[in-house]
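The UniProt record's numbering numbers the first residue of the sequence shown as 1 and each following residue consecutively. Where is the CB? At the ideal position from N, CA and C, for every residue including glycine. These numbers were taken from a predicted model, which means no experiment stands behind them. These notes are about the structure you will find just below.
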Amino acid sequence: MPCEHEHDGHGHGDECDHGPTDELAHQKLLYQEIDFDSVRCQGGESNNAKAVVKKTYAERLSTEPTLTSACDAEMLVTVPYVPLPAVTELCSLFHRFTGQVRLHSILIRTSDSDNAPSTLKVFVNMDQLELSDVADKKPTQTFELPRTNAVQELPIKRVFFSRATSLSFFFADNHSGDDEEPTTISWLAFKGDYMPLNRKPISVTYEAFANPATADKIPGIANGLGQIGD
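Structure (structure tokens):
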């Protein structure tokens, strides 16, 4: 089955080294709010996509399992949030979710290898997006990722991610420069606020000892830079 797609888009990224990661750095990571069973991957193995998203903060440095693209460098990963069957009558856009996410940043770990992704395009609330037509869609934000073993925190334009019910990640190419070489990632996570329907925003943690007073910045995590659109 052919796996050829045209695409464009530009962004910027850089690698930054920091000291040891603070034990409370996982605060505000969205975890229980993700609908893991509905995570899917086109151009790669969906079960492995679920596994790299389901890794906890404590497992972020583990290289197994790894998500690898199947027949070329491209793959599309879609991550929805928790379903709520009781609200299926409300609106087609929200019928699968208990609420919305106000995203703060995206966390990703790849590798210091040619198979590390180079261009990442992120789409908000396009969970029906197909790999075959992703090149024709304008991304919400585009990132250029460096080759690094460090966990990267990608700062987003929050105004465009304030009502997220699903996120789609298009890995367009990798550092090999060869469209036929596979792309790999080992961890994908999200930091932000979860907003249940008809309730005020709440900050989300998934560790009992998380300190609400901890600063929003995650020490020990490299920064990446992105831009809106192509």
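- The shortest C-alpha to C-alpha distance from E144 to any of V134, T110, S69, E59 is the one to T110.
- Residue pairing from DSSP places K191 in a beta bridge opposite L29, S105.
- With a threshold of 16 other beta carbon atoms within 10 Å, N47 falls short and is exposed.
- Going by DSSP, V53 is part of the alpha helix (DSSP H) stretching over 46-54.
- Closest by C-alpha distance to D136, out of K121, N149, P146, is K121.
- CA-CA distance, Q141 to F169, rounds to 10 angstroms.
- Straight across, the Cα-Cα distance linking N149 with D178 is about 21 angstroms.
- Sorting T56, L107, D112, P139 by C-alpha distance to the C-alpha of G192 places L107 at the top.
- In the three-state reduction of the DSSP assignment, V159 falls in the helix class, which pools H, G and I.
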